[in-house]
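S.K.: Below is a structure I'd like to ask you about.
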Amino acid sequence: MSWEWYLFFLMVALVIGGLLYLSYEVLKASDKREKTT
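Take any residue in the sequence shown, count from 1 to its spot, add 1: that is its number in this note's numbering.
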């Protein structure tokens, strides 16, 4: 595999990781709101 493929997979991993992190933060925030009310 060439370095272009490595860079491509790295970008994809960063995007997926970012989306997972964002969804996790949103779920955590909504859970806090439900508990406080």
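Just so it is clear, CB atoms sit at the ideal spot from N, CA and C, and this is done for glycine as well.
According to DSSP, is Ser-3 part of a helix, a strand, or is it coil?
M.R.: One-based indexing of the sequence shown puts residue 3 at position 2. In this structure, Ser-3 counts as coil in the three-state DSSP scheme.
S.K.: To the nearest angstrom, how far is the alpha carbon of Val-16 from that of Ser-24?
M.R.: Taking the first residue of the sequence shown as position 1, residue 16 is located at position 15. Taking the first residue of the sequence shown as position 1, residue 24 is located at position 23. Cα to Cα, Val-16 sits roughly 12 angstroms from Ser-24.
S.K.: Quick one: Cα of Phe-10 to Cα of Ser-3, how far?
M.R.: One-based indexing of the sequence shown puts residue 10 at position 9. One-based indexing of the sequence shown puts residue 3 at position 2. C-alpha separation (whole angstroms): 11 angstroms.
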